[in-house]
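Undergrad: This is the structure, below, for whatever I ask next.
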Amino acid sequence: MSDSLPPCPECAEEYAYEMGALLVCPMCGHEWSAQAPAAGGEADADAPRVIKDAVGNVLADGDTVTVIKDLKVKGSSAPIKVGTKVRGIRLVDGVGDHDIDCTVPGFGAMQLKSSVVKKS
Ligand SMILES: [Zn+2]
Numbered sequence: 078m079s080d081s082l083p084p085c086p087e088c089a090e091e092y093a094y095e096m097g098a099l100l101v102c103p104m105c106g107h108e109w110s111a112q113a114p115a116a117g118g119e120a121d122a123d124a125p126r127v128i129k130d131a132v133g134n135v136l137a138d139g140d141t142v143t144v145i146k147d148l149k150v151k152g153s154s155a156p157i158k159v160g161t162k163v164r165g166i167r168l169v170d171g172v173g174d175h176d177i178d179c180t181v182p183g184f185g186a187m188q189l190k191s192s193v194v195k196k197s
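Residue numbers for the sequence shown follow the working numbering, beginning at 78 and rising by one.
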């Protein structure tokens, strides 16, 4: 006797039998998957992402951060200088590991890496 099958989730009868990948309940006709829902995977994608600055402070939308090292900017001869304050950052899932969307004074809108800023 196979007592390893779970009872029907609909009517709780224990006469379910296997049909391929499904379990079928002859009492109410309910069919369900014998496999438990996969843990992790997609659930992780929905988990809130924590973005931290260079020293481990958790960043949030609207924070003001300070650039901690000179940053070369594509298309600009001058770098973003260390110590530049950037107000009102927005956390994004950006290109590569760029996770901050912001407007840098004198440079305009761009994406930065959280690893090169420190929360002010
Ligand atoms: Zn049932």
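Virtual Cβ for every residue (Gly too), placed ideally from N, Cα, C. Remember, it's a predicted structure, so these values are computed and weren't measured experimentally.
For Lys195, name the three-state secondary structure that DSSP assigns.
TA: Here residue 195 corresponds to residue number 118 of the sequence shown, with the count starting at 1. Three-state result, Lys195: strand.
Undergrad: So, is Asp170 buried or exposed, given that buried needs 16 or more other C-beta atoms within 10 angstroms?
TA: Residue 170 sits at position 93 when you count from the first residue of the sequence shown. Asp170 is exposed by the Cβ-count criterion.
Undergrad: For Asp178, which three-state DSSP category applies?
TA: Here residue 178 is taken as the residue at index 101 of the sequence shown, counted from 1. DSSP places Asp178 in strand when its eight states are reduced to three.
Undergrad: Quick check: Asp176 and Ser197, are their CB atoms within less than 7 Å of each other?
TA: By 1-based counting over the sequence shown, the position of residue 176 is 99. By 1-based counting over the sequence shown, the position of residue 197 is 120. No, these two residues do not count as a Cβ contact at 7 Å.
Undergrad: With a threshold of 6 Å (Cβ to nearest heavy atom), would Pro87 be considered close to ligand 1?
TA: By one-based count along the sequence shown, residue 87 stands at place 10. The sequence given here places Glu at residue 87; Pro does not occur at that position. Answer for Glu87: yes, Cβ within range of ligand 1.
Undergrad: Measure the beta-carbon distance from Val194 to Val127 and round it to whole angstroms, keeping in mind my assumption that it falls under 8 Å.
TA: Taking the sequence shown and counting its residues from 1, one reaches residue 194 at position 117. Taking the sequence shown and counting its residues from 1, one reaches residue 127 at position 50. Wrong, their Cβ atoms sit about 15 Å apart, outside the cutoff.
Undergrad: Where does Gly204 fall in DSSP's three states?
TA: In this structure the chain extends from 78 to 197, so residue 204 is not present and cannot be described.
Undergrad: Regarding Met104 and ligand 1, is the C-beta to nearest heavy atom distance less than 6 Å?
TA: As a position in the sequence shown, residue 104 is number 27, starting the count at 1. Flag set: Cβ of Met104 near ligand 1.
Undergrad: Taking 6 Å as the line, does the beta carbon of His107 fall inside it for any heavy atom of ligand 1?
TA: Working through the sequence shown from its first residue, we reach residue 107 at position 30. For ligand 1, at least one heavy atom lies less than 6 Å from the Cβ of His107.
Undergrad: Rounded to whole angstroms, what's the CA-CA distance from Ala186 to Pro156? Just pull it up for me.
TA: For the purposes of this step, residue 186 is taken as the residue at position 109 of the sequence shown. For the purposes of this step, residue 156 is taken as the residue at position 79 of the sequence shown. Going from the Cα of Ala186 to the Cα of Pro156 covers about 14 Å.
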